[in-house]
Amino acid sequence: MSDFADRAWAATRSLRDLFPPTPLQRNLHLSERFGADIWLKREDLSPVRSYKLRGAFTAMRKIRAADPSATRFVCASAGNHAQGVAFVCAHFGVTGRIFMPVTTPEQKILKTKTFGGGAVEIVLTGDFFDETLAAAKADCARTEAHFLSPFDDPDVIEGQASVAVEILEEMGRAPDRLILPVGGGGLSAGMISFLDAVGAGTHVTLVEPAGGASLTAALKTGAPQTIPITDTFVDGAAVARIGDRTFEVLRRVDPRDVLVAPENRICVTIQEMLNIEGIVLEPAGALSVDVLGELRDQIAGQTVVCVTSGGNFDFERLPEVKERAQNWQGLKKYFILRLPQRPGALRDFLDLLGPGDDIARFEYLKKNSRNFGSVLIGIETDDPGNFDRMVERVTARGFGFRDITADEVLADFLI
2 MSDFADRAWA
12 ATRSLRDLFP
22 PTPLQRNLHL
32 SERFGADIWL
42 KREDLSPVRS
52 YKLRGAFTAM
62 RKIRAADPSA
72 TRFVCASAGN
82 HAQGVAFVCA
92 HFGVTGRIFM
102 PVTTPEQKIL
112 KTKTFGGGAV
122 EIVLTGDFFD
132 ETLAAAKADC
142 ARTEAHFLSP
152 FDDPDVIEGQ
162 ASVAVEILEE
172 MGRAPDRLIL
182 PVGGGGLSAG
192 MISFLDAVGA
202 GTHVTLVEPA
212 GGASLTAALK
222 TGAPQTIPIT
232 DTFVDGAAVA
242 RIGDRTFEVL
252 RRVDPRDVLV
262 APENRICVTI
272 QEMLNIEGIV
282 LEPAGALSVD
292 VLGELRDQIA
302 GQTVVCVTSG
312 GNFDFERLPE
322 VKERAQNWQG
332 LKKYFILRLP
342 QRPGALRDFL
352 DLLGPGDDIA
362 RFEYLKKNSR
372 NFGSVLIGIE
382 TDDPGNFDRM
392 VERVTARGFG
402 FRDITADEVL
412 ADFLI
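Quick note: the sequence shown, position 88, residue 89 per the working numbering, numbers continuous.
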């Protein structure tokens, strides 16, 4: 067995001082739906509801083992890494300064404070994460504290490998396929390194969000690239640049084994897991489950483990999740209706709607002329095909009708 495997086993044993193995659960619903033996590795059930605790604990443990006087730690994070560092600071009885962007939701700030108790100080600085990160590193240099990277650190990678160790221990064998999310690459680099070290022979599929596919970009060019984040919805995995250390492991991944998941489709998966299974997943935590449909033919009859990497979901986002899910399913659209300014015009339009159509939004925008006015109208339906039939009826009746659902500029401005 390789040195990395030994260190991953040791990291896993050390974690038992902090929390028991997260559950590996067979999911009957997904198994029957996709014709495979599908298991969920429930990292959303860790003490901080994500796997980030593993890397933070391992890095801090090793720093303190090498230097028992190390008592000051710093990190920059607006999410799960911050909560993991806070939890570990309280465990070791050391102090932590956690830098978070000024725009961080209050819910995440409060959770970080709760996990850290009196051991951590929250510093809100910077409108963007890059500014926050720079401030954290400057503070480290000034105070000689230890910086805890969220992913691009060998000890963090080693700690995240413990997820793979637990899967093999809990299952008693290696699964045929492993599906896991990738953001900065700490989890995937650690798990792949361990599986390779023990000769597991498991086929690994990685998933990243369409709005931040930094691994895909790196594999195309052969080196990490800084890419624009076009959608921040999957905030736990939408990373502008894959880690340099993590990419040294991930560069050998076949690009065909890296899937890109659309954010709106992820919303459908979040809804289904909540409504059918009662499992609360954050967007990044739903990535591995989301791509099962794409892999249906490949995974038939296989034993598959999906790593549900986190469950820190703010329920204030549920309306957005529903909206985006309906958009992906074709069940909700927005239109600009040019409505004649005469009595009965609105009734004439309403008569053109079908029994499965429902108006979810109705807002007069302005009068285009003396005789017509523009209306923003949102319509939900129970069958995507209803929209084609409705548009035919409305057009035949002579109403001006424009679908703006896919028009990013108008949709952002008006919706």
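From the three backbone atoms N, C-alpha and C, an ideal C-beta is built for every residue, glycine too.
query                                                                                                                                                                              : result
Buried or exposed: residue 70, going by 16 or more other Cβ atoms within 10 Å of its Cβ?                                                                                           : exposed
The beta strand (DSSP E) that contains residue 158, what's its start and end?                                                                                                      : Not the beta strand (DSSP E): residue 158 falls in the alpha helix (DSSP H), residues 155 to 161.
Under the rule that 16 or more other beta-carbon atoms within 10 Å means buried, what is residue 385, buried or exposed?                                                           : exposed
Specify whether the region 285 to 296 and the region 27 to 43 touch according to this definition: at least 3 beta carbon pairs, one from each stretch, less than 8 Å apart.        : yes
Let me know if residue 364 comes out buried or exposed under the rule of 16 or more other beta-carbons within 10 Å of its beta-carbon.                                             : exposed
Tell whether a beta-carbon distance below 7 Å holds between residue 380 and residue 358.                                                                                           : yes
For the region 17 to 47, which segments carrying the alpha helix (DSSP H) assignment without a break, of at least 4 residues, lie completely within its bounds, in sequence order? : 29 to 35
Of the residues 216, 274 and 273, which one's Cα is nearest the Cα of residue 424?                                                                                                 : Limits of the chain in this structure are 2 at one end and 416 at the other, which puts residue 424 out of reach.
State the beta-bridge partners of residue 76 as determined by DSSP.                                                                                                                : 99
Report the residue ranges of all beta strand (DSSP E) runs contained in full by the region 134 to 216; include only those spanning at least 3 residues, in chain order.            : 178 to 182 and 204 to 210
I need the DSSP call for residue 258, collapsed to helix, strand or coil.                                                                                                          : helix
For residue 374, which three-state DSSP category applies?                                                                                                                          : strand
Under a three-way DSSP split, which group does residue 346 fall into?                                                                                                              : helix
Measuring alpha carbon to alpha carbon, tell me which residue in 277, 281 and 415 is nearest residue 335.                                                                          : 415
State buried or exposed for residue 286, treating a residue as buried only when at least 16 other CB atoms are found within 10 Å of its CB.                                        : buried
Buried or exposed: which applies to residue 21, given that a residue is buried once 16 or more other Cβ atoms fall within 10 Å of its Cβ?                                          : exposed
Where do the ends of the beta strand (DSSP E) carrying residue 409 lie?                                                                                                            : Where residue 409 is concerned, there is no enclosing beta strand (DSSP E), although the alpha helix (DSSP H) it sits in stretches over 409 to 415.
Provide the residue(s) that pair with residue 231 in DSSP beta bridges, ordered along the chain.                                                                                   : Bridge partners of residue 231: none, in fact.
Going by C-alpha to C-alpha distance, which of 190, 96, 92 and 107 sits closest to residue 48?                                                                                     : 92
Tell me the residue span of the beta strand (DSSP E) that contains residue 269.                                                                                                    : Note, residue 269: premise wrong, no beta strand (DSSP E); alpha helix (DSSP H) at 264 to 278.
Tell me the rounded alpha-carbon separation between residue 265 and residue 325.                                                                                                   : 5 Å
In whole angstroms, give me the CA-to-CA distance for residue 153 and residue 27.                                                                                                  : 31 Å
Excluding the five sequence neighbours on either side, which residues of its own chain have a C-beta within less than 6 Å of the C-beta of residue 305, listed in chain order?     : 37, 39 and 178
Do the CB positions of residue 229 and residue 243 come within less than 7 Å of each other?                                                                                        : no
Cutting at 7 Å between CB atoms, please list the residues of its own chain near residue 116, excluding the five before and the five after it.                                      : 49, 84, 87, 88 and 91
What does the alpha-carbon distance come out to for the pair residue 349 and residue 376?                                                                                          : 14 Å
Just tell me which of 46, 3 and 75 has its CA closest to the CA of residue 137.                                                                                                    : 75
What residue ranges within the region 296 to 347 form continuous beta strand (DSSP E) runs of no fewer than 3 residues, ordered along the chain?                                   : 304 to 309 and 333 to 341
Should the region 2 to 12 be regarded as contacting the region 190 to 203, the criterion being three or more beta carbon pairs within less than 8 Å?                               : yes
Determine the direct distance from the alpha carbon of residue 231 to that of residue 282, and round the result to whole angstroms.                                                : 22 Å
With the cut-off set at 7 Å, would you say residue 261 and residue 289 are in Cβ contact?                                                                                          : no
Over what stretch of residues does the beta strand (DSSP E) that includes residue 125 continue unbroken?                                                                           : 121 to 125
Given 8 Å as the limit, is there contact between the region 141 to 158 and the region 101 to 110, that is, 3 or more CB pairs closer than that?                                    : no
What does the Cβ neighbour count give for residue 343, buried or exposed, with the cut at 16 atoms within 10 Å?                                                                    : exposed
Short check: CB of residue 238 to CB of residue 202, under 7 Å?                                                                                                                    : no
Does residue 110 come out as helix, strand or coil in the three-state DSSP assignment?                                                                                             : helix
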